[in-house]
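> Next up is a structure, given as structure tokens.
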Amino acid sequence: MRGGHVIPLSSQPLSRWPRFFRAYCLCVVIITLIFLEVALGHSNPLNSRQDSVVGLINVDGQNVFDPTFMDPGNYNGENAYSGTDTCIAESINCNASSVYRTYDGTCNNLAYPTWGKAKACHPRILEAHYEGAHDLRQSVKGGPLPPPRSIVLKGFQNCNRPTHNVSLFFTIFGQLVAHEMTAFNGSLDLQPSAVGDCCKDEKLAKNTSLCLPFIIPPDDPYYAKFNITCLDITRRTVPCPVCIKDKKQSSYNFVTATLDGNLFYGNSEKKALELRALDGTGRLNVTKTEFGELLPSPRESDPPPQFCPVQDKLQCFQTGDARFNQHSPLMSVTTLFVREHNNLADRLGKLNPSWDDETRFQEARKIVAAELQNIVYSEYLPALLGPAHMSHYNLSVQTDNKGTKYDPSVVLGIWTEFSTTIYRLHSMIATQVGFNNHQFKDYNSNVQLLREGKMDNIIQGSCKVPSQKNDHWFIKDVTNHLYQDRFATFGQDLVSLDLLRGRDNGIAPYVDMLRHLTNGRMDVKTFDDLTPLINTSIIRCLKNLYKDVRDVDLFAGSLMENIIPGSQLGPTSAAIVSMQFNNIKFGDRFYFEHEGEAGSFSQEQRESLKKVTMARVLCDNFRIKNIQKNPFYLESEKNPMVNCEDIPPSLDLSSWKT
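Here the sequence shown stands for residues 546 to 1203, where the numbers follow my numbering.
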């Protein structure tokens, strides 16, 4: 809404004001009242959202969330829920004695070898919600749901709300973890698609199984500047052909479901061979520079990598995942693990000179996956979930010498609700990145910073500044400028796309998920029924976004929940994230703590791997002299800056000597 329209409206009755403007003003009034509470010395419900979380129990004088409040299976920490049935989709001959993973994830489960493999359909927690076979769900009151962009403009406004504890590096690493676990099929958003233009081709636009045009309000305060009223978006979902009880639309997961390093090695043997040096060293292919190893560039005959401007084609990088060139911090943290692989391959070669290229490569690959898993479960997840969920879902890395047990009954896979809605922590992206007064939007597809030797600065800067809180407040870098490289005139609204993709994937409404997770204890009928989970001032804004509480998108509802003390998530998100990471821990035969399997590490090797920390890996592979003890947290008295030489040494490889 442009300012010039405000004066004439002020002289008209409120009922005659445009609906969008009335909604916008209501949310502004609510926000103003909240800040007035702060000015008058009252408690701020936004900054004290943790004080009213449902399901809190008192343990040793501290409020701790009781994870059993939201647990459909009342977990014992051993098994994970999945909506997938137990059929065998295709005949695959597995080598049960192989000590290494397959690249595509097949044969992880020897009885059901397609579980968790790349290019498999996403399982679901709840049945798909469509109108008919594939049309987007409608309001329970009739008519379409509110357009995603309108929801963003009215309810997900720009606001600087930094966390008090976790760093921006925490969020960047979280994106790497997300990319490890899931990648959608279909064309890139806002990129030319194979089916045509869903905005310009009226006949095509009516094909709801292919098209998902992103409608922009004509008075949009950002896109109107560029005369943009529609963005060409195609659907990512197709009828899943095999092994899924629900035959409605679904999306493919193009990567393996496990934390196996597929970002660095690819999801096929062919891709892995393209990425390897194949020179007897077991190394991955890199380009040596005065600033350290960088990933290789595409060949002139190759098409430009995704997220790579055509003008920068030969400057961009290639690795195991097509999303690598999204932004400079993601490029940096991915390069970190490629360097770690090569570091390990060199050390293993010196330790075992008789090993050939294949053995050096596979052993280094196996160790990198184990290091990644240890960092995720021992450092990252505790910061994301908090102690109660880590304990209840048996996610903590064991501190004794005992190994864990693989459970072949766990249906390994990444749930649609997790990948499409819950584990999209885009609200935590910060504008300030801690380096050279750059803003996050300056990093979009910016390969030059790496080629200029700025990778160390990017990572250290991200460790020094906070992430934003995981709530319904988003920075403009995310709602207006995402993927906007220096050659583009405008960027994407990722939040609207998150909402749109949830509907594209048939994600069940928020209240349905609440009913499921609480075993019916929360059967929400009205907006006011949400008060145990959501602050009343935020509920007022939610009422103005949706006609009925049963319409609320899972993405929107989960972001508006009160954050659990000691975590970064609300109760719904914490439950789903915990269940998912339980699934890929106990359902992964090659998880590094498991014992008794063909690919299991020895007890000595496990104990060495448990000592690997994020700080140590950063010090070993970047030109930095000091870092926080735990880089996922901001510097504090409990998490001081330490010199790299004072951090426990690199992985002890003595137990790998043959």
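Backbone N, C-alpha and C fix where the C-beta goes; we use that ideal spot for every residue, glycine too. A quick note: this is a predicted structure, and the numbers were derived from the prediction, not measured.
Let me know if residue 771 comes out buried or exposed under the rule of 16 or more other beta-carbons within 10 Å of its beta-carbon.
exposed
> Can you confirm whether the stretch 1097-1109 touches the stretch 876-889 when touching is taken to mean that 3 or more C-beta pairs between the two stretches lie within less than 8 Å?
no
> Tell me, please, whether the stretch 819-827 touches the stretch 661-668 by the rule of three or more beta-carbon pairs shorter than 8 Å.
no
> Would you call the CB atoms of residue 1124 and residue 959 closer than 8 Å?
Judged by beta-carbon spacing, residue 959 lies beyond the 8 Å limit of residue 1124, meaning their Cβ atoms are not closer than that value.
> Taking 8 Å as the cut-off, does the stretch 1187-1201 touch the stretch 888-904 (at least 3 CB pairs, one atom from each stretch)?
With a cut-off of 8 Å, the stretch 1187-1201 and the stretch 888-904 count as touching, because enough Cβ pairs lie within range.
> How long is the line joining the alpha carbons of residue 1181 and residue 1009, rounded to whole angstroms?
11 Å
> My understanding is that residue 931 touches residue 1083, with C-beta atoms under 8 Å, so please give their C-beta distance in whole angstroms.
Wrong, their Cβ atoms sit about 21 Å apart, outside the cutoff.
> Have a look at 660, 1089, 722 and 1017 and flag the residue whose alpha-carbon is nearest the alpha-carbon of residue 954.
660
> Are residue 1139 and residue 1147 touching if we call contact CB-CB under 8 Å?
no
> If distances are taken between C-alpha atoms only, which option among 707, 850, 779 and 863 comes closest to residue 809?
863
> Closest to residue 827 by C-alpha separation, out of 1077, 1013 and 901, would be which residue?
901
> Give me the Cα-Cα distance between residue 762 and residue 841, rounded to the nearest whole angstrom.
If you take the alpha carbons of residue 762 and residue 841, they lie about 42 Å apart.
> Are there 16 or more other CB atoms within 10 angstroms of the CB of residue 1023, so buried, or fewer, so exposed?
By the neighbour-count rule (16 or more Cβ atoms within 10 Å), residue 1023 is buried.
> Measure the beta-carbon distance from residue 897 to residue 970 and round it to whole angstroms, keeping in mind my assumption that it falls under 8 Å.
In fact, because the Cβ distance is near 41 Å, the residues do not count as touching under 8 Å.
> Would you report the Cα separation of residue 832 and residue 918, rounded to the nearest angstrom?
27 Å
> Based on the DSSP secondary-structure assignment, which residues constitute the bridge partners of residue 1111?
Looking at the DSSP assignment, residue 1111 forms no beta bridge with any residue, so it has no partner.
> Note down the Cα distance separating residue 753 from residue 1203, rounded to an integer number of angstroms.
59 Å
> Quick one: which unbroken alpha helix (DSSP H) runs of 4-plus residues sit fully inside the stretch 1047-1083? Chain order, please.
1055-1062
> To the nearest angstrom, how far is the alpha carbon of residue 611 from that of residue 777?
Approximately 44 Å between the Cα atoms of the pair.
> Would you tell me roughly how many angstroms separate the C-alpha atoms of residue 878 and residue 1159, rounded to the nearest one?
11 Å
> If the criterion is Cβ atoms closer than 8 Å, does the pair residue 1045 and residue 693 meet it?
Residue 693 sits close to residue 1045, with the two beta carbons spaced by under 8 Å.
> Sorted by chain position, which residues of the same chain lie with C-beta nearer than 8 Å to residue 1141's C-beta, five sequence neighbours on each side aside?
948, 950 and 951
> Any idea if residue 803 is buried or exposed, counting beta-carbon neighbours within 10 angstroms, 16 or more meaning buried?
The residue is buried, with at least 16 neighbouring Cβ atoms inside 10 Å.
> Are at least three pairs of beta-carbons, each pair with one atom in the stretch 1051-1062 and one in the stretch 1090-1104, less than 8 Å apart?
yes
> How about the stretch 866-881 and the stretch 983-999: do they share at least three Cβ pairs that are nearer than 8 Å?
yes
> Does the stretch 971-985 come into contact with the stretch 706-722, if we say contact requires no fewer than three beta-carbon pairs (one atom in each stretch) closer than 8 Å?
Contact between the stretch 971-985 and the stretch 706-722 is present, because at least three Cβ pairs lie under 8 Å.
> By alpha-carbon positions, which one of 655, 1186 and 999 ends up nearest to residue 1205?
The structure shown has nothing for residue 1205, since the chain only spans 546 to 1203.
> May I ask which residues mark the beginning and end of the alpha helix (DSSP H) holding residue 918?
Counting along the chain, the alpha helix (DSSP H) containing residue 918 begins and ends at 902-920.
> Considering only residues of the stretch 829-897, which uninterrupted alpha helix (DSSP H) runs meet the minimum length of 4 residues and lie entirely inside it, listed in chain order?
873-896
> In chain order, what residues of the same chain have a beta carbon less than 6 Å from the beta carbon of residue 1019, not counting five sequence neighbours either side?
701, 972 and 1040
> Report whether the distance from the Cβ of residue 719 to the nearest heavy atom of the ligand NAP is below 7 Å.
Questions concerning the ligand NAP fall outside what the structure shown contains, since it holds no ligand whatsoever.
> How would you call residue 686, buried or exposed, if buried means at least 16 neighbouring beta carbons within 10 angstroms?
exposed
> Measure the C-alpha to C-alpha separation of residue 647 and residue 834 and round it to an integer number of angstroms.
32 Å
> Looking at residue 711: is its Cβ nearer than 8 Å to the Cβ of residue 1177?
yes
> Tell whether a beta-carbon distance below 8 Å holds between residue 957 and residue 741.
Going by C-beta atoms, residue 957 is not nearer than 8 Å to residue 741.
> Can you tell which of 670, 672 and 1120 has the C-alpha that lies nearest to the C-alpha of residue 938?
Out of 670, 672 and 1120, the CA that lies nearest to the CA of residue 938 is found in 1120.
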